Amino acid sequence: GAGVSQSPSNKVTEKGKDVELRCDPISGHTALYWYRQSLGQGLEFLIYFQGNSAPDKSGLPSDRFSAERTGGSVSTLTIQRTQQEDSAVYLCASSLQGAHSGNTIYFGEGSWLTVV
Amino acid sequence: KQEVTQIPAALSVPEGENLVLNCSFTDSAIYNLQWFRQDPGKGLTSLLLIQSSQREQTSGRLNASLDKSSGRSTLYIAASQPGDSATYLCAVRPIAGNQFYFGTGTSLTVIP
Numbered sequence: 777g778a779g780v781s782q783s784p785s786n787k788v789t790e791k792g793k794d795v796e797l798r799c800d801p802i803s804g805h806t807a808l809y810w811y812r813q814s815l816g817q818g819l820e821f822l823i824y825f826q827g828n829s830a831p832d833k834s835g836l837p838s839d840r841f842s843a844e845r846t847g848g849s850v851s852t853l854t855i856q857r858t859q860q861e862d863s864a865v866y867l868c869a870s871s872l873q874g875a876h877s878g879n880t881i882y883f884g885e886g887s888w889l890t891v892v
Numbered sequence: 049k050q051e052v053t054q055i056p057a058a059l060s061v062p063e064g065e066n067l068v069l070n071c072s073f074t075d076s077a078i079y080n081l082q083w084f085r086q087d088p089g090k091g092l093t094s095l096l097l098i099q100s101s102q103r104e105q106t107s108g109r110l111n112a113s114l115d116k117s118s119g120r121s122t123l124y125i126a127a128s129q130p131g132d133s134a135t136y137l138c139a140v141r142p143i144a145g146n147q148f149y150f151g152t153g154t155s156l157t158v159i160p
């Protein structure tokens, strides 16, 4: 597609349930990022994928969070046993090359997660 | 750890005014700096990207400057319009590491 696509756009889930959020980056982009934006907060880095390299998971807040990127394209962020503090907008971004290429990064519209 | 600050947190101006948004960062060892716009309920839209070797970038009514040694960037918006109303975020990419560090943004309202 023309831009970064994320689904679902909105998700309401019960506390304790697992959720999966999907990101489809711009075609040909090798770098993919997940960020989280909580109400009134700045963007918080979660995870970074670059090509076939091992992902940088340094931003994942707990072991309930995991992400994978299949075939160097689509990525799924999974949150297990959701808690109310997980409520946030989860933003995915991609860039043509890796973090130190100087390329612009492009964001999707986000997945709005509400845990009740 | 890189810290990014944006001042003011909110700004309201009448249509037609020129305005400046400020971004400061604590570690000057950056690769580049990017300015974004975020409309309510939407993702981020890239406005301008400045490489560490550059002093400024221009796109239409927008001009971004970078003073790496002092840890500052400004976004200048000329002849503001109501459609410019949004939250403006700056993000720096350090030389080390893979992530961008974001400021908390400046919420701009342009009054018709």
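Residue numbers (this note's numbering), protein chains in the order written: chain U, 777 to 892; chain E, 49 to 160. Every residue, glycine too, gets a C-beta built ideally from N, C-alpha and C. Please read all numbers here as calculations on a predicted model, not as lab measurements.
Cα-Cα, which of the options is closest to residue i?
i      : options                        : result
U:S863 : U:W888, U:S871, U:S785, U:L797 : U:W888
U:W810 : U:E790, U:G792, U:I855, U:K787 : U:I855
U:S785 : U:Y866, U:P837, U:G878         : U:Y866
U:V892 : U:F883, U:F821, U:Q860, U:G886 : U:Q860
U:S851 : U:Q813, U:S814, U:G792, U:L822 : U:L822
E:R141 : E:G64, E:D75, E:P62            : E:D75
E:R90  : E:Q99, E:T53, E:Q147, E:Y136   : In the sequence on display, residue 90 of chain E carries Lys and not Arg. When only C-alpha atoms are compared, the closest one is E:Y136.
E:D115 : E:P56, E:N80, E:G108, E:L67    : E:N80
U:T789 : U:R857, U:S870, U:G886         : U:R857
U:S781 : U:R840, U:D794, U:R845, U:P801 : U:P801
E:Q50  : E:A126, E:T157, E:F148         : E:F148
U:C868 : U:S829, U:K791, U:E844, U:R840 : U:E844
U:F883 : U:V795, U:R812, U:D794, U:K787 : U:R812
E:I125 : E:A139, E:G131, E:L110         : E:L110
E:G145 : U:P831, U:S838, U:G792, U:K793 : U:P831
Would you call the CB atoms of residue i and residue j closer than 8 Å?
i      : j      : result
U:G804 : U:L872 : yes
E:A58  : E:S155 : yes
U:Q826 : U:G874 : yes
U:G848 : U:T806 : yes
E:Q102 : E:S94  : no
E:S72  : E:R120 : yes
E:I180 : E:P62  : Residue 180 of chain E falls outside the range modelled here, since chain E spans only 49 to 160, and no answer is possible.
E:S128 : E:G64  : yes
U:R798 : U:S814 : no
E:V52  : E:G153 : no
E:L96  : E:A112 : yes
E:S100 : E:I78  : yes
U:L819 : U:S870 : no
E:N70  : E:T122 : yes
Indicate the three-state DSSP secondary structure (helix, strand or coil) for residue i in the structure shown.
i      : result
E:E65  : coil
U:Q860 : helix
E:P130 : helix
E:D75  : coil
U:S783 : strand
E:S155 : strand
E:I55  : strand
E:R103 : coil
E:I143 : coil
U:L872 : coil
U:T880 : coil
E:F148 : coil
E:S121 : strand
Can you pull the DSSP bridge partners for residue i?
i      : result
E:R109 : Answer is none; E:R109 lacks a bridge partner.
U:Y866 : U:R812, U:S887
E:F84  : E:S94, E:L137
U:I855 : U:V795, U:F841
message = Quick check on the DSSP output: what are the complete beta strand (DSSP E) runs of length 3 or more inside the region 787–848 of chain U, in order along the chain?
response = 795–800, 807–813, 819–826, 841–845
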